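K.L.:
Here it is, the structure in full.
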Amino acid sequence: MSEEYGVVIVEDDPNTRAQLADKLETLAQFKVLAACGSVAEAQKALAADAPDLLLVDLGLPDGTGLDIITAQSERHPDLPILVISVFGDERSVIRAIEAGAQGYLLKSDTSLQIEACLQQLLAGGAPISAPIARYLIKRLRPAVPGKEKEGGDSAPARPPEVTLLSERELEVLQLAAKGYSYQDIAELLEVKVSTVSSYTRRLYQKLSVHSRSEAVFEAMRLGLVDGPRS
């Protein structure tokens, strides 16, 4: 019998919330623990039952999904969090990733396959709608050395910590950015999972980050890796 994963949905639109819940209920792998329409409802549900996955909208009637993401990331650093929102602007995307979201899907994304996205999230991946991924890569890719950005500012130099990344640490970072789990990375590099964890802790320290999503975000910003797999 396959493992069942508990999911909490936070979505203010009743129709969208019902559609998500109904879809997940048809999938044997997932169980909806709560479907909430506000920050207050979500806080109460999350205090009562810790989920394996958290789906969050950003625009809520009594606050923002960012507050939920931040709080849950602090309490449960390994909790996979997926944003599903109509907001695809720079501020919303960046703030959600910085708060701890590992994935970001647009409600307008007609190619959205929620089951595949959740499975990717559970495997350590970072499901991101194609328009968001293209935007992040374009926005965060460093300028070509020697050329100036609009406004006359030259491209920022990489922090000295980045140059201290070992070849193996960079390999781990690149594989993590592609969505591979620790177990997958260990098998690909032919090392122990504990060794991958050790490399990961060191590169987190060098990049001054605290989670996989932050590491991938920072690595993309510095041009060390390409965007996550869609």
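Per this note's numbering, the very first residue in the sequence shown carries number 18; after that it's consecutive. Cβ atoms here follow ideal geometry from the backbone N, Cα and C, with glycine treated the same way. All of these numbers come straight from a predicted model, not from anything done at the bench.
I'd like to know if Val27 contacts chain D, where contact means its C-beta is closer than 8 Å to some C-beta of that chain.
P.N.:
Checking the listed chains, one finds no chain D in this structure; it contains a single protein chain.
K.L.:
Take Phe234 as the anchor and find which of Leu37, Leu205, Ser125, Tyr152 has the nearest alpha-carbon.
P.N.:
Out of Leu37, Leu205, Ser125, Tyr152, Tyr152 has the C-alpha closest to the C-alpha of Phe234.
K.L.:
Buried or exposed: Pro68, going by 16 or more other Cβ atoms within 10 Å of its Cβ?
P.N.:
buried
K.L.:
For Val100 versus Leu135, is the C-beta distance shorter than 8 Å?
P.N.:
no
K.L.:
Report the option in Ser215, Ser211, Leu192 whose CA atom is closest to the CA atom of Leu205.
P.N.:
Comparing Cα-Cα distances from Leu205 to each of Ser215, Ser211, Leu192, the minimum goes to Leu192.
K.L.:
Note down, in chain order, each residue of its chain lying with its Cβ closer than 7 Å to the Cβ of Arg34, except the 5 sequence neighbours on either side.
P.N.:
Ile26, Glu28, Ala52, Gly54
K.L.:
Roughly how many angstroms separate the alpha carbons of Ala133 and Arg219, rounded to a whole number?
P.N.:
31 Å
K.L.:
How is Tyr197 classed by DSSP in three states: helix, strand or coil?
P.N.:
coil
K.L.:
Are the beta-carbon atoms of Ala232 and Leu190 separated by less than 8 Å?
P.N.:
yes
K.L.:
Under the assumption that Val210 contacts Tyr199 (Cβ atoms under 8 Å), give the Cβ distance between them as a whole number of angstroms.
P.N.:
5 Å
K.L.:
Please report the straight-line C-alpha distance between Ala64 and Leu37, rounded to a whole angstrom.
P.N.:
Their Cα atoms are separated by approximately 22 Å.
K.L.:
DSSP puts Val49 in a beta bridge; with which residues?
P.N.:
Val24
K.L.:
Helix, strand or coil for Ala172, going by three-state DSSP, please let me know.
P.N.:
Here Ala172 scores only 42 on pLDDT, less than 50, and its place in the model is too uncertain to base an answer on.
K.L.:
Ser90 and Lys124 - do their beta-carbons sit closer together than 8 Å?
P.N.:
no
K.L.:
Leaving aside the five residues before and after Val56 along the sequence, list all residues of the same chain whose C-beta is less than 7 Å from its C-beta, in chain order.
P.N.:
Leu77, Asp79, Gly80, Asp84, Ile85
K.L.:
Would you please state the rounded distance, in angstroms, between the beta carbons of Tyr196 and Ala140? I believe it to be under 8 Å.
P.N.:
Note on identity: in this sequence residue 196 is Gly, with Tyr being the wrong assignment. So it is a contact: roughly 7 Å between Cβ atoms.
K.L.:
Is it right to say Arg229 is buried, meaning 16 or more other beta carbons lie within 10 angstroms of its own, or is it exposed?
P.N.:
buried
K.L.:
Buried or exposed: Lys223, going by 16 or more other Cβ atoms within 10 Å of its Cβ?
P.N.:
buried
K.L.:
Taking the C-alpha atoms as reference points, what is the distance between Glu42 and Asp74?
P.N.:
Straight-line Cα distance between these residues: approximately 19 Å.
K.L.:
Locate the beta strand (DSSP E) running through Gly120, then write down its first and last residues.
P.N.:
Looking at the DSSP string, the run of the beta strand (DSSP E) that includes Gly120 is 120–123.
K.L.:
Rounded to whole angstroms, what's the CA-CA distance from Val161 to Leu241? Just pull it up for me.
P.N.:
Unreliable positioning characterises Val161 in this predicted model, as indicated by a pLDDT of 45, which lies under 50. The coordinate reading is nonetheless provided below. Between Val161 and Leu241, the C-alpha separation is close to 14 Å.
K.L.:
Just to confirm, is the Cβ distance from Leu71 to Ile98 under 8 Å?
P.N.:
A contact, by the Cβ cut-off of 8 Å.
K.L.:
From the DSSP output, in three-state form, read off Ser215 for me.
P.N.:
helix
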